[in-house]
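Undergrad: Once you know that position 164 of the sequence shown is 159 in our numbering, the rest is easy, because the numbers rise by one and skip nothing.
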Amino acid sequence: MRKGDGLRLALMKKSGSQPHGNEGVHHAAKGTLNEQEGLSLRNVDRQVVLVLVTAACCLWIGQFGGRLRPPNLQPLHRSVAWAGIQIFAYLIIPVIVCIISRINLATVGWSIRGLKEHWTPYAGILFVALPAVVAVSFSSEFQTKYPLLEVRDGGRVDLGQMLIWWAFYAVQFVAIESFFRGFLVLGLADAFGMNAILIAMLPYLAIHFSKPPLEAVASIVGALIMGILALRSRSIWLGVVVHIVIAGTMDVSSLLQKGVQW
């Protein structure tokens, strides 16, 4: 060892500093320890786990629960059974989970306070969406898909049975909005902020994979816009109104395009 090296090492020891190589090892070990602490179960957000695990179960039931229906049901009964499964999966289960877990339903979108201050953008959505629905209703693909149930008495629509179906169909949209914009977006907002909208967008798109391609694309835009509005209003109810009005327009437009009699 040269004299200069010995003197420099002695000064480092006297000042309490360590060679740069040891400092790197020390900082790397500290960083690894911090990463391990970040992966600890103690840092898991209980509500995030509860919402996401419940959501996974609800999505599975909503997708595959229809297989439990008896095979030889009448069209109305078959459609009502489908709507009932959706209501059970996306509305009843999350509400029960919230009640058991003492999550205030108002915090996941069931509040009606302040709706008067937030109706304008929802009206704007209808102003844009309804003409688009009417335009798309001219396509054969749209007419093949909608309405989801078409009950006829001879050449006329059986209005009584259709009203029964539309009642269940409307409640199904309460379930959809409550689950995706309420339980998912608002339930995850405290942990993820605006990113909760993106988390909810993915399964919302997935449930539209069986729909016409343009409707599936529209579901992405709808999930983003409705998610933002739900975060601002902290309520699902104006979204429910928009969803029901658009769905009703889709059904009626399709029936009119087919030239059915009422």
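We put the beta carbon where it would ideally sit given N, CA and C, even for glycine.
With a CB to CB cut of under 6 Å and the five nearest residues on each side skipped, what residues in its chain are close to Pro14?
TA: The residue you call residue 14 lines up with position 19 of the sequence shown. In this prediction, Pro14 has a pLDDT of 49, which is less than 50 and means its spatial position is unreliable; what the coordinates show is noted afterwards. Counting only Cβ-Cβ distances below 6 Å, and skipping sequence neighbours, we find nothing.
Undergrad: In chain order, what residues of the same chain have a beta carbon less than 6 Å from the beta carbon of Gly177, not counting five sequence neighbours either side?
TA: Position 182 of the sequence shown, counted from the first residue, corresponds to residue 177. The residues are Val103, Gly104 and Ile231.
Undergrad: Give me the Cα-Cα distance between Arg97 and Ile88, rounded to the nearest whole angstrom.
TA: Taking the first residue of the sequence shown as position 1, residue 97 is located at position 102. Taking the first residue of the sequence shown as position 1, residue 88 is located at position 93. Each residue's Cα considered, the two are about 14 Å apart.
Undergrad: What is the DSSP secondary structure of Ser260, reduced to helix, strand or coil?
TA: For the chain, the structure presents residues -4 to 257; residue 260 sits outside this window and is missing.
Undergrad: If you reduce the DSSP assignment to three classes, tell me which class Val146 lands in.
TA: If you number the sequence shown from 1, residue 146 lands on position 151. Coil, per DSSP.
Undergrad: Is there contact between the stretch 39 to 59 and the stretch 165 to 183, where contact requires at least three CB pairs shorter than 8 Å?
TA: Yes: at least three Cβ pairs fall under 8 Å.
Undergrad: Keeping to the same chain, check which residues put their C-beta closer than 7 Å to that of Leu293; ignore five residues upstream and five downstream.
TA: The question about residue 293 has no answer here: the residues shown for the chain are numbered -4 through 257.
Undergrad: Going by CA-CA distance only, name the one from Ile202, Leu250 and Met221 that's closest to Val146.
TA: In the sequence shown, residue 146 corresponds to position 151, counting from 1. Checked all of Ile202, Leu250 and Met221; the closest Cα to Val146 is Leu250.
Undergrad: Do you know offhand how far Val39's Cα is from Lys140's?
TA: Here residue 39 refers to the residue found at position 44 when the sequence shown is read from its first residue. Here residue 140 refers to the residue found at position 145 when the sequence shown is read from its first residue. So the two alpha carbons sit approximately 43 Å from each other.
Undergrad: Is the beta carbon of Phe174 sitting closer than 8 Å to the one on Tyr85?
TA: Translated into positions along the sequence shown, residue 174 becomes position 179. Translated into positions along the sequence shown, residue 85 becomes position 90. Against a cut-off of 8 Å, the Cβ pair of Tyr85 and Phe174 comes out as a contact.
Undergrad: Write down the C-beta distance between Ala242 and Tyr164 rounded to the nearest angstrom, noting that I regard them as a contact closer than 8 Å.
TA: The residue you call residue 242 lines up with position 247 of the sequence shown. The residue you call residue 164 lines up with position 169 of the sequence shown. Between Tyr164 and Ala242 the Cβ distance is about 7 Å, and since that is below 8 Å, they are a contact.
Undergrad: Could you give the residue range of the alpha helix (DSSP H) that holds Tyr141?
TA: By one-based count along the sequence shown, residue 141 stands at place 146. It is not in any alpha helix (DSSP H) - Tyr141 carries neither H nor E in the DSSP assignment.
Undergrad: Looking at the structure shown, is Ser74 part of a helix, part of a strand, or coil, going by DSSP?
TA: As a first step, residue 74 must be located in the sequence shown, where it is residue number 79. Here Ser74 sits in helix by DSSP.
Undergrad: Within the continuous alpha helix (DSSP H) that includes Glu172, where are the two ends?
TA: Taking the first residue of the sequence shown as position 1, residue 172 is located at position 177. That run of the alpha helix (DSSP H) goes Leu154 to Glu172.
Undergrad: Do Ile80 and Gly61 have their beta-carbon atoms positioned less than 8 Å apart in this structure?
TA: For the purposes of this step, residue 61 is taken as the residue at position 66 of the sequence shown. For the purposes of this step, residue 80 is taken as the residue at position 85 of the sequence shown. Closer than 8 Å, so yes.
Undergrad: Do Val128 and Ser248 count as a contact pair if the criterion is CB distance below 8 Å?
TA: Against the sequence shown, residue 248 aligns to sequence position 253. Against the sequence shown, residue 128 aligns to sequence position 133. Yes, Cβ-Cβ distance for Ser248 and Val128 is below 8 Å.
Undergrad: Nearest CA to the CA of Glu210: which residue from Phe122, Val131, Ile82 and Gly234?
TA: In the sequence shown, the residue the question calls residue 210 occupies position 215. Residue Val131 is the option with its Cα nearest to Glu210.
Undergrad: Might you give, ordered along the chain, the residues of its own chain that have their beta carbon closer than 6 Å to the beta carbon of Ser228, omitting 5 neighbours on each side?
TA: Taking the first residue of the sequence shown as 1, we reach residue 228 at position 233. So the qualifying residues of the chain are His113.
Undergrad: So, for Met221: in the same chain, excluding its five sequence neighbours on each side, which residues have a beta-carbon less than 6 Å away from its beta-carbon?
TA: Counted from its first residue, the sequence shown places residue 221 at position 226. Same-chain partners within the cutoff: Arg176 and Gly234.
Undergrad: Quick one: grab the DSSP three-state call for Ser228.
TA: The residue given as residue 228 occupies position 233 in the sequence shown. Correct three-state label for Ser228: helix.
Undergrad: DSSP beta-bridge partners for Trp114?
TA: One-based indexing of the sequence shown puts residue 114 at position 119. Beta-bridge pairing links Trp114 to no other residue.
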